[in-house]
């Protein structure tokens with residue numbers, strides 16, 4: 011099944027070493043993507059002050075709300091491509107690839123208009139303070155101009171991950187990341203454009219990464235080669251992408267909506283707390299990128315093995331992923347807690363901002379392994395083609411607990427510490443529900459696995 015040095019044979023041989031080989035470049039890629047925003051935050055925090063830092067930070071939750079539905083669809087493209095690739099169905103693989111790229115372009119263009127039209131209104135609803143809302147709206151509008159590039163890269167990378175290639179997307183993001191750093195420094199320090207400068211730098215870097223991943227798919231040989239003359243939107247592939255991708259996207263969107271509500275609660279403490287949350291949230295973003303790379307590996311490996319009926323291997327994949335996720339998040343979470351003060355100083359030199367960031371990190375970083383475990387089970391079920399029930403339980407557990415916390419408990423104990431206890435509380439509640447879900451849904455998946463394989467053969 012492995013056809014070149016970049017691909018990984020997920021259906022044969024040992025598992026843990028291949029999970030690490032798959033996850034490590036993906037982890038680095040995710041961290042590099044976060045570096046786009048981190049560089050923005052660091053540069054404006056250092057050279058434009060805490061108001062500019064708060065303005066960029068105020069956009070994070072909104073960007074995630076607007077984009078995660080379409081990014082969730084890329085997970086559907088990943089699952090579908092992985093199944094076709096493992097089963098050796100070259101024609102279907104090619105058509106699925108061209109449908110996915112067309113979807114990426116259309117959704118990216120749509121997001122440009124959504125971002126331009128609703129950015130200011132959404133910031134007002136979130137209670138963004140008057141002293142930062144104009145800069146935050148400017149950053150958002152420029153950022154959303156790059157959505158076609160952002161979507162194209164993510165869908166292209168999802169296709170490469172489906173065949174086990176996580177190394178080339180890492181190389182592309184490294185080039186784009188260096189572009190972002192150079193442009194941020196140029197457009198903030200040399201040409202003082204402030205938040206507009208860092209937004210322009212981010213859009214330019216996204217354009218670079220999208221061009222590189224498109225070039226890679228175009229130059230690839232075999233079933234996932236991209237030809238713009240073959241771009242299409244076939245209903246049969248869209249349906250299968252949507253079956254997995256829409257629930258995943260809704261889950262991410264709704265969870266980020268709860269984070270937007272939490273952002274509103276942080277906003278009530280003023281711009282200093284907002285700046286502290288911006289820096290702390292960016293650090294937590296690196297933790298999430300690390301555990302999410304293992305979840306992505308779990309989904310891709312499970313999808314390929316599901317398509318060839320390897321039940322015992324699927325079980326081993328989930329166990330090994332749980333060990334890997336807990337180990338990675340445990341080391342990084344404890345490290346973020348112990349060295350939190352030093353890391354926060356990278357973002358800002360203001361003592362009050364650092365203190366607010368430390369309050370948040372003290373509650374969220376050490377138990378972060380719970381977040382990794384919470385995401386693994388839905389990842390495995392998506393790999394089997396079941397995304398709806400895990401989505402519902404994640405929304406109930408994560409969003410339900412946080413909304414309850416914000417509107418019922420928080421008003422009686424208004425502190426940053428108490429507000430962010432909602433994170434580990436929601437992780438624990440969601441894990442308990444997802445374990446029960448996995449037990450029953452897995453039985454159903456295994457019972458229908460052979461039937462679905464026959465369906466794919468005869469489709």
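Residue numbers (the working numbering): 11 to 469. Built from N, CA and C at the ideal position, the CB exists for glycine as well. Predicted model only: the values in this text are computed from it and were never measured.
For residue i, count the other beta carbons within 10 Å of its own beta carbon; 16 or more makes it buried, fewer makes it exposed. Which is it?
i	result
residue 66	buried
residue 442	exposed
residue 400	buried
residue 205	buried
residue 225	exposed
residue 453	exposed
residue 208	buried
residue 475	The question about residue 475 has no answer, for the chain in this structure spans 11 to 469.
residue 396	buried
residue 118	buried
residue 101	exposed
residue 388	buried
Per DSSP, what kind of secondary structure is residue i in: helix, strand or coil?
i	result
residue 202	coil
residue 25	coil
residue 256	helix
residue 234	coil
residue 423	coil
residue 348	helix
residue 11	At residue 11, the pLDDT of 48 sits below 50, so the modelled position is not reliable and the matter cannot be decided from this model.
residue 44	helix
residue 244	coil
residue 279	coil
residue 338	helix
residue 58	coil
residue 480	Residue coverage of the chain in this structure runs from 11 to 469, which leaves residue 480 outside it and unanswerable.
residue 19	coil
To the nearest angstrom, how far is the alpha carbon of residue i from that of residue j?
i	j	result
residue 202	residue 300	34 Å
residue 296	residue 450	33 Å
residue 77	residue 28	30 Å
residue 85	residue 254	7 Å
residue 38	residue 30	12 Å
residue 373	residue 318	43 Å
residue 99	residue 42	33 Å
residue 223	residue 265	29 Å
residue 11	residue 457	In this prediction, residue 11 scores a pLDDT of 48, lower than 50, which makes its location untrustworthy; the coordinate-derived value is nonetheless stated afterwards. Whole-angstrom Cα-Cα distance: 26 Å.
residue 35	residue 21	20 Å
residue 185	residue 63	25 Å
residue 407	residue 331	22 Å
residue 142	residue 55	13 Å
Compare the C-alpha of residue i against each of the options and name the closest.
i	options	result
residue 175	387, 249, 289 and 91	91
residue 126	397, 88, 154 and 167	154
residue 403	178, 78, 344 and 258	258
residue 306	173, 372, 250 and 150	173
residue 321	139, 147, 393 and 197	393
residue 339	396, 302 and 329	302
residue 430	130, 416 and 438	416
residue 439	383, 142, 158 and 308	383
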